[in-house]
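In terms of our numbering, the numbers along the sequence shown are unbroken and rise by one, the last being 296.
Quick reminder that beta carbons are idealized off the backbone N, C-alpha and C, glycines included.
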Amino acid sequence: MLENKKLPLFENEFTKIGDAILSWRNDETIREVLEPKEFKTVADKKAHDSICNLIKETFGDVTILSEEEDIIEIERPNKYWLIDPIDGTASWYDGFDGFVTQAAYIENDVPIYGIVYAPAMNKLWTAVIGEGAFLNGKQLQPFQESNRLNLIDNYPEPKRIAKIITEQLVVDKYIECGSLGLKSCMVAAGIADLFVKDVVIRDWDIAPVIRIIEELNGFVTDLTGKKIVLTGSFVKENGLVVSRSLKLVQDIVNLERV
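Okay, structure coming up:
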């Protein structure tokens, strides 16, 4: 069980790790690319070690699964932390703001707690199940009904499914942003209303976001409108929809796609 009373200390130390990750961009030894195909750097491994140590120091001997490890085929524990030390390594490497460090605590396939920190933007999103979602310590308000549609993705101009959305729906604004976790949190912050990807995603990309978005009465689904759950494979083949409303999810399901 998550010890909520330890979360303030944990979150404070977690942001320190994120700030360190930001500073590492100036250190060529830490910027070294270890796996060009997956674009993994020394920083990814160093961040992994730092977050694992923090979790163990704060919460004791708990299971930790990470993007930096080969976990695709393992059986899920009943209780574990799932971490993505640097979500958006390319953005980090190239000097852009669009990267985060994130983690989730999961019990019986349910994300109980999520934390996403964007150090270059000084923004920290957190959520505990049943207690709401917060941005820099201030509680976020649940999503309200709105006709606005601000679409967010990581390209300068809409491509792939984002382009289809702009052609078939009335999009008020298109926003370019970095990592998957950060784009999802921009929906939580009310800056965007919808984020959609038609690519394979992985649980460490979305576990923290699920908790944050659902605390705001939003939706995290695949492209068929099915709620994404943290069971079975860590790889999700049917894309991603992060939305403030069920209507927008249904609009995505009903898109005419070639």
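{"Check": "Can you give the Cα-Cα distance for Ile203 and Pro196, rounded to whole angstroms?", "Outcome": "9 Å"}
{"Check": "How far does the beta strand (DSSP E) with Asp122 in it extend, from its first residue to its last?", "Outcome": "Lys117 to Asp125"}
{"Check": "Using DSSP's beta-bridge definition, name the partner residues of Val279.", "Outcome": "Val234 and Thr259"}
{"Check": "Whole angstroms are fine: how far does the CA of Lys201 sit from the CA of Val208?", "Outcome": "12 Å"}
{"Check": "What residue does the beta strand (DSSP E) around Gly228 start on, and which one ends it?", "Outcome": "Gly228 -> no beta strand (DSSP E), and no H or E assigned at all."}
{"Check": "Per DSSP, what kind of secondary structure is Arg198 in: helix, strand or coil?", "Outcome": "helix"}
{"Check": "Reducing DSSP to helix, strand and coil, say where Ile112 ends up.", "Outcome": "coil"}
{"Check": "Return yes when the Cβ of Ile190 is within less than 9 Å of the Cβ of Ala230, no when it is not.", "Outcome": "yes"}
{"Check": "Can the beta-carbon of Gly170 be found closer than 9 Å to that of Glu49?", "Outcome": "no"}
{"Check": "Throw me the rounded Cβ distance for the His86 and Pro123 pair, which I believe falls under 8 Å.", "Outcome": "4 Å"}
{"Check": "Reducing DSSP to helix, strand and coil, say where Thr67 ends up.", "Outcome": "helix"}
{"Check": "Could you pull the DSSP bridge partners for Ala171 from this structure?", "Outcome": "Ala165"}
{"Check": "Assess contact between the segment 54-68 and the segment 150-158, defined as three or more Cβ pairs (one per stretch) separated by less than 8 Å. Is contact present?", "Outcome": "yes"}
{"Check": "Please determine, among Phe77, Leu286, Trp163 and Leu268, the residue with the shortest C-alpha to C-alpha distance to Trp119.", "Outcome": "Leu268"}
{"Check": "Hey, how far is the Cα of Gln206 from the Cα of Phe233?", "Outcome": "15 Å"}
{"Check": "Quick one: give me the first and last residue of the beta strand (DSSP E) that Ser104 is part of.", "Outcome": "Ile102 to Ser104"}
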